[in-house]
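Working notes for the structure below.
In this note's numbering, the protein residues as written are 437 to 738.
See the structure below:
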């Protein structure tokens with residue numbers, strides 16, 4: 437049985453999902469996107485992702501979409517496609533929206549937005565070993581896009597700076613990802629992940645809200661702080677703050693949390709995952725009813 441996809445209100449075979457080359461998502465890169473994953477086949481924090489999608493659509497002026505109606509479609513799609521996986525495996529789901537046709541190139545006038553969803557097995561192979569070895573970060577000369585170019589809360593596919601920063605990071609260290617600074621030289625995010633530090637006595641600290649994408653995974657970590665008996669706050673962070681922290685942690689949809697082992701060659705906490713990371717990923721595992729690390733290791737070579 438073939439996986440399904442979703443396009444403009446209809447489920448169809450995934451192999452038939454296609455967009456015209458004159459779609460504004462291709463021509464101008466105007467694509468709003470949300471990345472979700474399942475645990476035990478259930479989409480995690482779907483409501484929060486749709487709330488962020490709604491804010492992003494407001495930013496770009498796409499007002500004609502009933503975002504609430506997408507929840508049922510996403511759940512139906514994930515439910516069907518999850519049934520095609522091996523027992524214990526899980527899916528990623530990508531939901532994206534474009535304004536529709538770029539009219540200067542389209543053969544017919546249309547201002548209807550494009551709405552699509554597709555799924556894929558969670559690609560654990562890219563990070564399963566990082567839970568124990570940690571992820572290295574390096575600073576490159578590529579900076580975060582300033583907030584006066586587009587609001588930083590906008591979750592979109594216009595991520596050339598991520599691509600270039602990671603490309604340059606790998607030239608420095610093939611195992612590294614990019615740490616993005618803003619125009620003043622303070623920490624914002626990693627490519628495709630929020631950053632938090634942990635210090636004993638201070639708790640978790642994230643860069644100021646106005647400088648970062650409002651991450652659903654970072655919010656989940658914040659929700660776990662009571663169970664972890666610590667706190668979560670926001671303040672300006674420098675590279676030196678990261679290098680001197682007890683722990684540095686990345687948060688993003690598919691891995692949930694990853695420990696950082698080094699920043700610009702400086703080991704973090706001895707270069708091994710710290711106790712708070714271990715407690716946090718265990719708490720997250722209890723929340724979703726899956727041993728997150730065990731699942732990643734088990735399915736990394738599927």
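All C-beta atoms, glycine included, are put in the ideal place defined by N, C-alpha and C.
Check                                                                                                                                                                   : Outcome
Starting from the N-terminal side, write out each stretch of the alpha helix (DSSP H) that is 4 residues or longer and does not extend beyond the stretch 465 to 536.   : 482 to 496 and 505 to 518
Nearest by alpha-carbon distance to residue 550: which of 540, 440 and 532 is it?                                                                                       : 532
What is the DSSP secondary structure of residue 578, counted as helix, strand or coil?                                                                                  : coil
Entirely within the stretch 538 to 620 and at least 4 residues each: give me those alpha helix (DSSP H) ranges in chain order.                                          : 566 to 569 and 596 to 608
From which residue to which residue does the alpha helix (DSSP H) around residue 734 run?                                                                               : 728 to 735
How big is the Cα-Cα spacing for residue 567 and residue 451?                                                                                                           : 33 angstroms
Starting from residue 699, trace the beta strand (DSSP E) in both directions and tell me its first and last residue.                                                    : 692 to 699
What would DSSP say about residue 455, mapped onto helix, strand or coil?                                                                                               : coil
Under the DSSP definition of a beta bridge, which residues are partnered with residue 633?                                                                              : 641 and 684
Using the C-alpha atoms, what's the distance from residue 580 back to residue 686?                                                                                      : 17 angstroms
Just confirm the distance between the C-beta atoms of residue 473 and residue 527, as a whole number of angstroms; I'd bet it's less than 8 angstroms.                  : 7 angstroms
I want to know whether the stretch 653 to 667 touches the stretch 612 to 628 - three or more CB-CB distances under 8 angstroms.                                         : no
Mind checking which residues open and close the alpha helix (DSSP H) that includes residue 676?                                                                         : 675 to 679
Output the distance between the C-alpha atoms of residue 514 and residue 559, rounded to the nearest integer angstrom.                                                  : 16 angstroms
Cβ of residue 643 within 8 angstroms of Cβ of residue 675?                                                                                                              : no
Pairs of beta-carbons, one from the stretch 640 to 654 and one from the stretch 576 to 594, closer than 8 angstroms: are there three or more?                           : yes
Would you mind reading off the limits of the beta strand (DSSP E) that contains residue 626?                                                                            : 623 to 626
Since residue 443 and residue 449 should fall inside the 8 angstroms C-beta cutoff, what is the C-beta to C-beta distance between them, to a whole number of angstroms? : Incorrect: roughly 11 angstroms between the Cβ atoms, too far for contact.
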